[in-house]
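Chemist: Pasting in a structure now, in structure tokens, and then I'll have a few things to ask.
Laid out in structure tokens, this is it:
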């Protein structure tokens, strides 16, 4: 005890043994878990052609995870379903089975949490909430549950004074407040994509679904939830998305041919064609989108922090021939597929932009510098 | 208490560093109190400050914990350790300039760290939420301070070391080790999946068990005999208690992962070791209380000692409660409830801070030669005691309500479970307000003693010159 060196050796030794167990030992035990199929062949190998779980999150959901971490949602919400003998989580319908270490191996931010002022969110994506509902909940939970303690996040939305049909209408459950209209910022869209991606709806070789009468209760819960939803995608929006997809996929006169460059899955091609899925351009300012759909885009641009320097000739066959309706539809489509979720674009909005560009030489492509950089 | 002159020179040499760390600690204490109050307000009214992105509940909660542990805890640890070790070594504090230089970096790092959290760069690792850019600054400044503290210890006059020295030195040395382990496992060679959580939770809990706790225990081992003027009863047990903590505490902290997506042996070993912790807890409380109860009147009449004994009693009670709550049958109910807040506040407030208050009230007059008015100290003691008890009771009963109701799946979450806990949030809000007020009194008095107004100082100097 009197010799500092020996004393230090002693206290580091006691700490070191615990470190060996929890860090080195645990790591060698399960540090190299990787996705696997729901069940294995008898010899323990993964069947050919089987889907591997867990899936990787989409790019947009990954960005949403960062928002979730930065806003500190984890101080009230856990993301772990405890084993049946250790807690009531499955009984509460928070999951079909206990969470397993493998469920988290692909996540960059593992946000298990250790406080539950709000319900567990490990399986939020399975509760059947629409994006609109989640947006309303994120904007102001108290409009759905008047006594909710979940904090409102109005800073992720723009409140709109003269709304278009695509903006979200907020009415409170008890009608104590005026009707408001909001438009999500990209960050809100990312966060919702992340929340929707939270699901452990597959079995793994090491855990299977908990089978008992509790499952019945769970379905009741989802139905109750479904009836609490404000609106699911309305028919007009679905029509517009369908029409837009046609423009996107058509490679003949009158089409947009977008898929040839941006790909059917909206992911683009690395280094050449930027992605539309999760893109901050696509989910951002509509004016900018409309402008480039009419006149094309050239020069250096940045999509989600990645630089591209290429040319998009004015889209359409022949170039620059897309009508107001077509532009409105195709933009609405790309804002609402591949996990994207953003407000629709109307042909009125396109017409307004077209008028404001009256006098611009046809086919004169935009550059990023020319487009206002404010990403809304 | 008669003072001989070597003590006086030692106190004078510690004056600059002690005053610097103590006054920064006080500032952080107030900042943490403000955050605690804001967070409590948000739990009673979710619309409070809700349109301001800087102040989401999650950010405030985390900032409070960080300001408390690193700001108040860190600075207070430096101040108390430097003085106690200097006294026990009978050696002067050297390199005050470097101590203050490192202290400034430490405080700047925390300031930027907290701003980073509020600005949306929180990392999500328990107690390492500050953006990783400030970690190097924290580690380097800490190491400078450690080095200078070791210099004091190495130049000690008496070779024989005693309990306060073991505990304080161990805490001082454990922190950088823990920090490096966490840094390595989370950033340099990052673990995947829930290994991250195991590590960050181990780090966050170990900070309290291996950094704050030993310093407070060491301070108690020093103060109780020093003020009472008697030796520690059954002192021979202390060494056993020390090594029990060193060996068991690093294991016991992971029992919070019970039932979660980690290998089962991790929480299981945590539970076993938590139960084994009854030994070191028993040792410490025997040492402290057997000694103190021999002379209760003196304990009551000496304010510093009253704070210390409150702290040690709180340590004993909270640790035993912690052992009970780590039993799987109980953990099933209390896990994830606001009982967590009970544990945190009990340990950092009821135990650590109270002992530090006692140490400060004991040391400050010796170091500066000026007294804090007895009425202020007494006010601080009673408001703190009341605030802490109110807070802990609310979290304890609220947490049990939370857990029992949550365990009944037929009760809807928001309208039954959480709304039954809400009254307790209201109580904690008042408790935090009371504590904030109490801390304000403490800090103002400490500051007034450290930075007296110029006229008062003139007066004292004249008196000293005359004497």
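Chains as they are written, first to last, in this note's numbering: chain A, 165 to 540; chain B, 3 to 469.
No residue lacks a Cβ here, since even glycine has one placed at the ideal position from N, Cα and C.
Once the 5 residues before and after residue 293(B) are set aside, which same chain residues still bring their CB inside 6 Å of it?
Modeler: 226, 234, 235.
Chemist: Can the beta-carbon of residue 316(A) be found closer than 9 Å to that of residue 507(A)?
Modeler: Not closer than 9 Å, so no.
Chemist: What residues in the region 55 to 87 of chain B bring their beta carbon closer than 7 Å to a beta carbon of chain A?
Modeler: Per Cβ criterion, the list reads 55, 58, 59, 60, 61, 63, 64.
Chemist: In chain order, what residues of the region 254 to 271 of chain B put their CB closer than 7 Å to some CB of chain E?
Modeler: In the displayed structure, chain E is absent; the protein chains listed are A and B.
Chemist: Give the C-beta separation of residue 158(B) and residue 92(B) to the nearest angstrom, bearing in mind that I take them to be a contact with Cβ-Cβ under 8 Å.
Modeler: Confirmed, about 7 Å.
Chemist: Between which residues of its own chain and residue 440(A) is the CB-CB distance below 6 Å, once the five residues before and five after are set aside?
Modeler: Closer than 6 Å at the Cβ level, and outside the excluded window around residue 440(A), lie 426, 430, 446, 498.
Chemist: DSSP three-state label for residue 348(A), please.
Modeler: In this structure, residue 348(A) counts as strand in the three-state DSSP scheme.
Chemist: Does any residue of chain A have a CB that is nearer than 9 Å to the CB of residue 13(B)?
Modeler: Cβ-Cβ to chain A under 9 Å: no for residue 13(B).
Chemist: Report the residue from 218(A), 360(A), 496(A), 248(A) whose alpha carbon sits nearest the alpha carbon of residue 448(A).
Modeler: Of 218(A), 360(A), 496(A), 248(A), the residue nearest in Cα terms is 496(A).
Chemist: Could you tell me if residue 63(B) is buried or exposed, where buried requires 16 or more neighbouring beta carbons within 10 angstroms of its beta carbon?
Modeler: It counts as buried.
Chemist: Bridge partners of residue 86(B), per DSSP?
Modeler: Its beta-bridge partners do not exist; DSSP assigns none.
Chemist: Compute the Euclidean distance between the alpha carbons of residue 13(B) and residue 228(B), then round it to the nearest angstrom.
Modeler: Going from the Cα of residue 13(B) to the Cα of residue 228(B) covers about 15 Å.
Chemist: Determine the direct distance from the alpha carbon of residue 531(A) to that of residue 414(A), and round the result to whole angstroms.
Modeler: If I take the Cα positions, the gap works out to 26 Å.
Chemist: Does residue 366(A) come out as helix, strand or coil in the three-state DSSP assignment?
Modeler: Here residue 366(A) sits in coil by DSSP.
Chemist: Output needed for residue 408(B): all residues of its chain with C-beta closer than 6 Å, excluding positions within five of it in sequence on either side, in chain order.
Modeler: Hits under 6 Å: 419.
Chemist: How many angstroms separate the CA atom of residue 275(A) from the CA atom of residue 326(A)?
Modeler: Cα to Cα, residue 275(A) sits roughly 39 Å from residue 326(A).
Chemist: Indicate whether at least one CB of chain A lies closer than 9 Å to the CB of residue 92(B).
Modeler: It does not; no Cβ of chain A falls within 9 Å.
Chemist: Taking one C-beta from the region 361 to 371 of chain B and one from the region 268 to 285 of chain A each time, how about it: are there three or more such pairs within less than 8 Å?
Modeler: Verdict: no, contact absent.
Chemist: Please check if any C-beta of chain B sits within less than 9 Å of the C-beta of residue 400(A).
Modeler: By this cut-off, residue 400(A) is not an interface position.
Chemist: Answer yes or no: does any C-beta atom of chain B fall closer than 9 Å to that of residue 237(A)?
Modeler: By this cut-off, residue 237(A) is an interface position.
Chemist: Does the beta-carbon of residue 470(A) have 16 or more other beta-carbons within 10 angstroms, so that it is buried, or is it exposed?
Modeler: Its Cβ having fewer than 16 others within 10 Å, residue 470(A) is exposed.
Chemist: Using DSSP bridges, identify the partner residues of residue 465(A).
Modeler: Note: residue 465(A) sits in a beta bridge opposite 472(A).
Chemist: Thinking just about the alpha-carbon of each residue, which of 102(B), 106(B), 160(B) is nearest to the one in residue 167(A)?
Modeler: When each option's Cα is compared against that of residue 167(A), the closest is 160(B).
Chemist: Among residues of its own chain, excluding the 5 on either side of residue 460(A), which ones have a beta-carbon nearer than 6 Å to its beta-carbon?
Modeler: Correct list, in chain order: 476, 477, 478, 529.
Chemist: Taking residue 194(A) and residue 366(A) to be in contact with their CB atoms under 8 Å, please state how far apart those CB atoms are, rounded to whole angstroms.
Modeler: That belief does not hold up - the Cβ atoms of residue 194(A) and residue 366(A) are roughly 18 Å apart, past 8 Å.
Chemist: Put residue 332(A) into one of helix, strand or coil per three-state DSSP.
Modeler: In the structure shown, residue 332(A) sits in a strand (DSSP, three-state: E or B).
Chemist: Residues of chain A with a CB under 9 Å from the CB of residue 155(B): which are they?
Modeler: In chain order: 168.
Chemist: Run down chain A in chain order and give the residues with a C-beta less than 7 Å from the C-beta of residue 483(B).
Modeler: No answer is possible for residue 483(B): the residues shown for chain B start at 3 and end at 469.
Chemist: I'd like the span of the beta strand (DSSP E) that includes residue 323(A), first residue to last.
Modeler: Per DSSP, residue 323(A) belongs to the beta strand (DSSP E) from 321 to 323.
Chemist: Under DSSP, the alpha helix (DSSP H) around residue 260(A) begins and ends at which residues?
Modeler: Segment: none, residue 260(A) is in no alpha helix (DSSP H) and carries neither H nor E.
Chemist: Among residues of its own chain, excluding the 5 on either side of residue 175(B), which ones have a beta-carbon nearer than 8 Å to its beta-carbon?
Modeler: Same-chain partners within the cutoff: 148.
Chemist: Does the CB of residue 179(B) have a neighbour CB from chain A at under 9 Å?
Modeler: It does; some Cβ of chain A falls within 9 Å.
Chemist: Could you give the C-beta distance for residue 310(B) and residue 222(B), rounded to a whole number, given that I count them as a contact under 8 Å?
Modeler: With 8 Å as the limit, residue 310(B) and residue 222(B) qualify as a contact, their Cβ atoms being about 5 Å apart.
Chemist: Per the contact definition of three or more C-beta pairs closer than 8 Å, is the region 299 to 309 of chain B in contact with the region 352 to 363 of chain B?
Modeler: As far as the Cβ criterion goes, the region 352 to 363 of chain B touches the region 299 to 309 of chain B, which means the pair count is three or higher.
Chemist: Taking the beta carbon of residue 263(B) as the centre, do at least 16 other beta carbons fall within 10 Å, making it buried, or is it exposed?
Modeler: With 16 or more other Cβ atoms within 10 Å, it is buried.
Chemist: Run down chain B in chain order and give the residues with a C-beta less than 8 Å from the C-beta of residue 334(A).
Modeler: Ordered by position in chain B, no residue passes the 8 Å Cβ test against residue 334(A), which lies about 15 Å from the chain.
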